[in-house]
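Numbers 312 to 452, taken from my numbering, label the letters of the sequence shown in order.
Quick reminder that beta carbons are idealized off the backbone N, C-alpha and C, glycines included.
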Amino acid sequence: MSKTLLQYGDEAILEAASQPLEVWPNQSREHDYLIHIEHPEFTALCPRSGYPDFGIIVLEYYPDEWVVELKAFKLYINSFRQDRISHEAAINKIADRLFADVRPKAMRVIGDFMRRGNVKTVITVGRGQLMNFPEYQAKIL
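So this is what it looks like as structure tokens:
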């Protein structure tokens with residue numbers, strides 16, 4: 312993509328896809344607590360049809376030394392917009408990247424995808440120690 316053709320946000324999204332996610336020091340490291348983040352505008356392209364897939368990405372983690380910076384998380388999730396990737400591969404890729412960059416005690420990433428052909432898909436991927444995560448209730452999409 313030519314630099315002159317980039318629109319607002321394109322450079323930030325490209326950088327988020329290729330650079331480690333920005334993290335901040337956990338200022339409450341002495342406590343075990345759960346962080347819950349939802350990104351309701353995930354889009355990627357179906358690897359079979361090329362049609363867009365839509366979903367909600369839920370990140371839940373027990374932080375250790377670091378917490379993820381929210382704008383960096385949003386831009387990274389937005390970087391999937393033109394990728395031809397399956398639901399399963401996308402959620403595993405997101406989980407691998409977040410676990411490597413944030414290094415939490417425990418983490419799960421949930422992809423709650425909009426129905427396609429009247430089929431609902433929810434993918435849950437966990438990393439790290441076994442911790443108590445609340446039960447996830449799929450959204451009506």
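Cutoff 7 Å; reference residue i; Cβ partners in own chain excluding five residues on either side
| i | result |
| --- | --- |
| R419 | E371, T435, V436, G437 and F444 |
Whole-number beta carbon distance between residue j and residue i, since they are thought to touch under 8 Å
| i | j | result |
| --- | --- | --- |
| D394 | L356 | 6 Å |
| Y447 | V379 | Not a contact, Cβ separation roughly 19 Å. |
| K404 | H350 | Their Cβ separation, rounded to whole angstroms, is 14 Å, which puts K404 and H350 out of contact at 8 Å. |
Residues near residue i in its chain [Cβ-Cβ closer than 8 Å; skip 5 each side]
| i | result |
| --- | --- |
| R340 | P374, D375 and E376 |
| K450 | I367 and D423 |
Backbone secondary structure at residue i - three-state DSSP
| i | result |
| --- | --- |
| Y372 | strand |
| I434 | strand |
| L381 | helix |
| F391 | coil |
| E399 | helix |
| R408 | helix |
| D321 | helix |
| A328 | helix |
| L345 | coil |
| L441 | coil |
Residues near residue i in its chain [Cβ-Cβ closer than 6 Å; skip 5 each side]
| i | result |
| --- | --- |
| A328 | S390 |
| A417 | Y373, G439, Q440 and M442 |
Identity of the residue in the options nearest residue i by Cα
| i | options | result |
| --- | --- | --- |
| L409 | P363, G428 and A383 | A383 |
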